[in-house]
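Engineer:
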Amino acid sequence: MIVSNARHLLFFDSDCPFCQLQIRLLSKLDWFNKVEFTPLKEFSESLSGVHIEENELNQAIHCVTPEKTIFKGPQAVRFLGMRMPLLIPMSLLMWLPGMMFFAEKIYNAISKNRYFLSKFIGCKDSCVVDDSKNKNIKR
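Numbering (our numbering), first residue to last: 1022 to 1160.
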C-alpha cells in the first residue's frame, strides 16, 4: 500500500475577510494536515499543475488534488469535508440526491455577497488569517 503525503491545494480569496474567516476555521479542522490553503494571488499553473481561468478562481474556492482533479465551490467543500472528521456528517448529507442543487444556490449567493457579509458579521482584523499558528496557510 502506497501512502502519499501530497496535500490538496485550496485556493481562496485572501482579500475577502469573510473568506479568511472560513479558511481559518477550516485550517483548525484539518487535523490530518491534508490541505494547503493558498491565496488566489499565489495561483499559478506551475504550482497547481492545472489551468483555471482567473474569472473562475474569483467566483469560488478551488481545490486541486495531487492527481490534478479540480473541485469548485460546494464540490470543493464536500470533497474537503470528507477529509476532515468533524465535517464528514455535512459532507455525507451533500451526497444525498438533490442536495448539490441547493448547495450550489446557497454557495453562489454567499459568494456573490461575501464582501457585504464581511461587513455584516463584523469581519475586520478578527477575520484575518493568522498563519503563525497554522503552517498550512500561505500568505
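Just so it is clear, CB atoms sit at the ideal spot from N, CA and C, and this is done for glycine as well. Quantities reported herein were computed from a predicted structural model and do not represent experimental measurements.
By the 10 Å Cβ neighbour count, where 16 or more other Cβ atoms means buried, how is Glu1063 classified, buried or exposed?
Structural biologist: With fewer than 16 Cβ atoms within 10 Å of its Cβ, Glu1063 is classed as exposed.
Engineer: When burial is assigned at 16 or more other CB atoms within 10 Å of the CB, is Ala1130 buried or exposed?
Structural biologist: With fewer than 16 other Cβ atoms within 10 Å, it is exposed.
Engineer: Can you give me the start and stop residues for the beta strand (DSSP E) that Leu1117 sits inside?
Structural biologist: Element bounds for Leu1117: n/a, residue is neither H nor E.
Engineer: Going by alpha carbons, who is nearest to Ile1032 out of Ala1081, Arg1135, Lys1055, Phe1039?
Structural biologist: Note on identity: in this sequence residue 1032 is Phe, with Ile being the wrong assignment. Cα-wise, what sits closest to Phe1032 is Ala1081.
Engineer: Just verifying my parser: in three-state terms, what is the DSSP assignment at Ile1127?
Structural biologist: Of the three classes helix, strand and coil, the one that applies to Ile1127 here is helix, per DSSP.
Engineer: Confirm, please, whether the CB-CB distance from Met1115 to Ala1124 is below 7 Å.
Structural biologist: Cβ atoms of Ala1124 and Met1115: closer than 7 Å.
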